[in-house]
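Chemist: Mapping to this note's numbering: the sequence shown position 436 is 676, numbers consecutive.
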Amino acid sequence: MRYIKLDLLTLLISLFLLNACKKPDGIGLEISPDKQIDASATDTVTVRAYTVKEDSVITRGQSQSPLGYLQDEFGTTEANLAMALTLPQTGLTFGTSPVLDSAVLVLKYGDTFYGDADNSTYAVNVHQLNETFNLTANYYNTKQWNYNSTVIGSKTVNNFALQDSVLITDIVSGKPDTARVRYPQLRIPISSSFINNNFLNAGSDKFATTTAFNNFIKGLYLTINKSQSSGKGGVVFFDLATADSSRLEIYYRTDDGTTKDTIMTTFSLSSSNAAASIKHDYSTQLGPKIQEQVQANKSIKNGVFPTNPPLPLHDTLYVQPLGGLRTLVNFPYIKKLKELGNFTINKAELVVEINQDIPTSLKPAPRLGFYCTDIAGQRQPIPDNNGGQTNSYGDIRALPDGSYGGLLQSYKKDAGDFTHQRYVFIITSYLQDLLDGRSTQYNAYIAPVKSGLLRSAGSKTDILPSVTTAAPAILGGNSGNYKIRLNIIYTKLN
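(1) From the DSSP output, in three-state form, read off N570 for me.
(2) How many angstroms separate the CA atom of A260 from the CA atom of N727?
(3) Quick check on R607: buried or exposed, where buried means 16 or more other Cβ atoms within 10 Å of its Cβ?
(4) Taking DSSP as the reference, what is the three-state secondary structure of N586?
(5) Grouping DSSP H, G and I as helix and E and B as strand, with all else coil, what is Q304?
(6) Across which residues does DSSP place Y685 in a beta bridge pair?
(7) Identify the continuous beta strand (DSSP E) that holds F477 and give its terminal residues.
(8) How about A481 and S510: are their beta carbons less than 9 Å apart?
(9) Helix, strand or coil: which one does DSSP assign to D624?
(10) For the candidate residues A710, N365, I298 and S303, whose alpha-carbon lies nearest to that of K603?
(11) Just reading off the alpha helix (DSSP H) that E532 is part of, what are its end residues?
(12) Under 9 Å between the Cβ atoms of L321 and A516?
(13) Pull up the distance between the alpha-carbon of T731 and that of R288, whole angstroms please.
(14) May I have the straight-line CA-CA distance separating P550 from Q302, to the nearest angstrom?
(15) Please confirm whether V287 has its beta-carbon closer than 9 Å to some beta-carbon of chain B.
(16) Only counting the same chain, and skipping five residues up and downstream in sequence, which positions put a Cβ closer than 6 Å to that of K383?
(17) Does K466 come out as helix, strand or coil in the three-state DSSP assignment?
(18) Where do the ends of the beta strand (DSSP E) carrying D521 lie?
(19) Let's test the definition: count the other Cβ atoms within 10 Å of the Cβ of D624 and tell me whether it reaches 16, buried, or not, exposed.
(20) Considering only the alpha carbon of each residue, which of L488, Q403 and K472 lies closest to I430?
(21) In three-state terms, what does DSSP make of Q672?
(22) Alpha carbon to alpha carbon, what distance is there between S305 and D501?
(23) So which of I464, A357 and I428 has the shortest CA-CA distance to G393?
(24) Out of curiosity, what's the CA-to-CA distance linking T524 and P599?
(25) Please state the DSSP three-state secondary structure of K293.
(26) Would you call the region 360-367 and the region 707-723 touching, i.e. three or more CB-CB distances under 8 Å?
(27) Would you call the CB atoms of V476 and P688 closer than 9 Å?
(28) Is the beta carbon of T330 less than 9 Å from the beta carbon of T494?
(29) I'd like to know whether the C-beta atoms of D312 and G355 end up nearer to each other than 9 Å.
(30) May I have the straight-line CA-CA distance separating D295 from G563, to the nearest angstrom?
(31) Taking the straight line between their C-alpha atoms, what separation do you get for D404 and Y423?
(32) Assuming I457 is part of the alpha helix (DSSP H), what are its boundary residues?
(33) Using the Cα positions of D597 and T659, report the straight-line distance between them to the nearest angstrom.
(34) Can you name the residues that DSSP bridges to K348?
(35) For the region 646-657 against the region 563-577, are there 3 or more C-beta pairs whose distance is under 8 Å?
(36) Shortest alpha-carbon distance to T317 belongs to which of K541, A605, G473 and F665?
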């Protein structure tokens, strides 16, 4: 590929042409008596897009873990959370004649909630697993856990207070108790009978080793009791990755014959030993229309689309995190641009509008990602978003982190017009590589990613299925007022 150096004036004029020129009509720019560069713009390149099912995703070891029940325009989303407790030490004992004061499950809030924060209540229940949480297994969002129906802890929450610190009394053995302010957290009281039977009065062999303890306790399972909750609901995320911030706290007294002291023993939770089970139901609201699209689009192979009959095109597309939906994007006639002659792409923007013909009660995803796939169907970052220039994963043409786009933007088409919303992706190098034959066009996708997620060298965190955000989006499709489109500024080379 040849790289053409343009002066500042040329670049400014090119940017102006993006808004001023809608057809591929060249405008000559006098650069020098012996060299002419034609800058042109077009937004007529065909884009085809289809709603498809998202891949399953490993939910263990995530930076944030979801819990909730949400009813929105897509249907319903349910996220439950399985967790293993960590034995604080092998050979643990609870002293002489332990008497339980109380026990509480502490869950540190993450930084994300999606749903109805004002008019919903959430009945959070804690159960014991009937199957042992395997500390070395990779658990996917599709995993259905076997758990005991008995509720061992519950709390009704009117608002997940992600920003509100709490005042906690710390128990210090042999010293006065200390009150201090702690990070925002959800505190769920745990049944005294469960604690007595499984901890204070359990045999010492159950705490001899980590394996013995894990096989005995098995783990905890958090659910939302839908019958005792109200409103549209939502999904909250917990930060189980911060060490010793989420845990089971057991407060009890012992008698050594001379004094009685209150002791706190904790069993930590961690993101590496937690996994979410997520279910999407598309039987209500827009769900049947979504199912119709997904079913029809199952016939799409990697870069190969059925032609007899061709796939139906829709004016609405859907993206949904938590293993829900993504939008497949294809440029079927991109090679025809070569008929324009020898040229280089100065800038290419993929513009994806929010379909505002469909009313929604919740805000759309604050950020989407765009990525391509290789011949094996594996996800790959496009060169415009492929950072890490010092290693084999990077591309020297990559834009600064986040600069390739995907953030939700608000704008007005005309003065006095209502506010529209869209996502814009810079895919200049991706398209140039397709035209030059440096890469082959297989499937490319748009999907939600967590807002604020930073790309690291060699990392694919912003192209993997996201389970750390719950916000979906309803997008414009292949026709209508909010049609997906590709804007290209290119320069002919004479």
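For every residue, glycine included, the Cβ atom is placed at its ideal position computed from N, Cα and C. On a predicted model such as this, the values are computed, not experimentally measured, just so you know.
Modeler: On the basis of the coordinates in this document:
(1) In the sequence shown, counting from the first residue as 1, residue 570 sits at position 330. Strand at N570.
(2) The residue you call residue 260 lines up with position 20 of the sequence shown. The residue you call residue 727 lines up with position 487 of the sequence shown. With a pLDDT of only 39 at A260, under 50, the local geometry of the prediction cannot be trusted, and the value read off the model is given with reservation. Their Cα atoms are separated by approximately 12 Å.
(3) Within the sequence shown, the letter at position 367 stands for residue 607. With 16 or more Cβ atoms within 10 Å of its Cβ, R607 is classed as buried.
(4) Numbered from its first residue, the sequence shown carries residue 586 at position 346. In the three-state reduction of the DSSP assignment, N586 falls in the strand class, which pools E and B.
(5) Numbered from 1 along the sequence shown, position 64 holds the residue referred to as residue 304. Residue state, collapsed to three classes: coil.
(6) Translated into positions along the sequence shown, residue 685 becomes position 445. Answer is L568 and Y611.
(7) Taking the sequence shown and counting its residues from 1, the one referred to as residue 477 is at position 237. Taken as a continuous stretch (DSSP letters only), the beta strand (DSSP E) holding F477 covers G473 to F478.
(8) Walking along the sequence shown from the start, residue 481 turns up at place 241. Walking along the sequence shown from the start, residue 510 turns up at place 270. In this structure, A481 sits near S510, with a CB-CB distance shorter than 9 Å.
(9) As a first step, residue 624 is located in the sequence shown; it is residue number 384 there, counting from the start. DSSP places D624 in helix when its eight states are reduced to three.
(10) Locating residue 603 in the sequence shown gives position 363, counting from the first residue. Closest by alpha carbon: A710.
(11) As a first step, residue 532 is located in the sequence shown; it is residue number 292 there, counting from the start. Here the alpha helix (DSSP H) through E532 covers G527 to A536.
(12) Here residue 321 refers to the residue found at position 81 of the sequence shown. Here residue 516 refers to the residue found at position 276 of the sequence shown. Yes, the Cβ-Cβ distance between L321 and A516 is below 9 Å.
(13) Indexing the sequence shown from 1 puts residue 731 at position 491. Indexing the sequence shown from 1 puts residue 288 at position 48. In a straight line, the C-alpha of T731 is about 25 Å away from that of R288.
(14) Your numbering for residue 550 matches position 310 in the sequence shown. Your numbering for residue 302 matches position 62 in the sequence shown. Cα-Cα distance, rounded: 39 Å.
(15) Absence of chain B from the displayed structure is noted, only one protein chain being present.
(16) The residue you call residue 383 lines up with position 143 of the sequence shown. S517.
(17) Residue mapping note: residue 466 aligns to position 226 of the sequence shown, counting from 1. K466: helix per DSSP, three-state reduction.
(18) Taking the sequence shown and counting its residues from 1, the one referred to as residue 521 is at position 281. A514 to D521 is the extent of the beta strand (DSSP E) around D521.
(19) Looking up residue 624 in the sequence shown gives position 384. With at least 16 other beta carbons inside 10 angstroms of its own, D624 counts as buried.
(20) Start at 1 with the first residue of the sequence shown, and residue 430 comes out as number 190. The candidate whose alpha carbon is nearest that of I430 is L488.
(21) Position 432 of the sequence shown holds residue 672. In the structure shown, Q672 sits in a helix (DSSP, three-state: H, G or I).
(22) For the purposes of this step, residue 501 is taken as residue 261 along the sequence shown, with counting starting at 1. For the purposes of this step, residue 305 is taken as residue 65 along the sequence shown, with counting starting at 1. Going by the C-alpha atoms only, they are around 36 Å apart.
(23) As a working mapping, residue 393 is identified with position 153 in the sequence shown. It is I428.
(24) By one-based count along the sequence shown, residue 524 stands at place 284. By one-based count along the sequence shown, residue 599 stands at place 359. Cα to Cα, the separation comes out at about 15 Å.
(25) By one-based count along the sequence shown, residue 293 stands at place 53. Of the three classes helix, strand and coil, the one that applies to K293 here is strand, per DSSP.
(26) Cβ pair count under 8 Å is below three, so no.
(27) The residue you call residue 476 lines up with position 236 of the sequence shown. The residue you call residue 688 lines up with position 448 of the sequence shown. Cβ distance not < 9 Å, so V476 and P688 don't count as in contact.
(28) The residue given as residue 330 occupies position 90 in the sequence shown. The residue given as residue 494 occupies position 254 in the sequence shown. No, Cβ-Cβ distance for T330 and T494 is not below 9 Å.
(29) In the sequence shown, counting from the first residue as 1, residue 312 sits at position 72. In the sequence shown, counting from the first residue as 1, residue 355 sits at position 115. Their beta carbons are under 9 Å apart, which means D312 touches G355 by this criterion.
(30) Within the sequence shown, numbered from 1, the residue matching residue 295 stands at position 55. Within the sequence shown, numbered from 1, the residue matching residue 563 stands at position 323. Here the C-alpha atom of D295 lies approximately 6 Å from the C-alpha atom of G563.
(31) As a position in the sequence shown, residue 404 is number 164, starting the count at 1. As a position in the sequence shown, residue 423 is number 183, starting the count at 1. Using only the alpha carbons, I get a separation of about 8 Å.
(32) One-based indexing of the sequence shown puts residue 457 at position 217. Start and end: T450 to I457.
(33) Position 357 of the sequence shown, counted from the first residue, corresponds to residue 597. Position 419 of the sequence shown, counted from the first residue, corresponds to residue 659. Looking at the two C-alpha atoms, the distance is approximately 13 Å.
(34) Your numbering for residue 348 matches position 108 in the sequence shown. Paired residues: Q425.
(35) no
(36) Counted from its first residue, the sequence shown places residue 317 at position 77. Cα-wise, what sits closest to T317 is G473.
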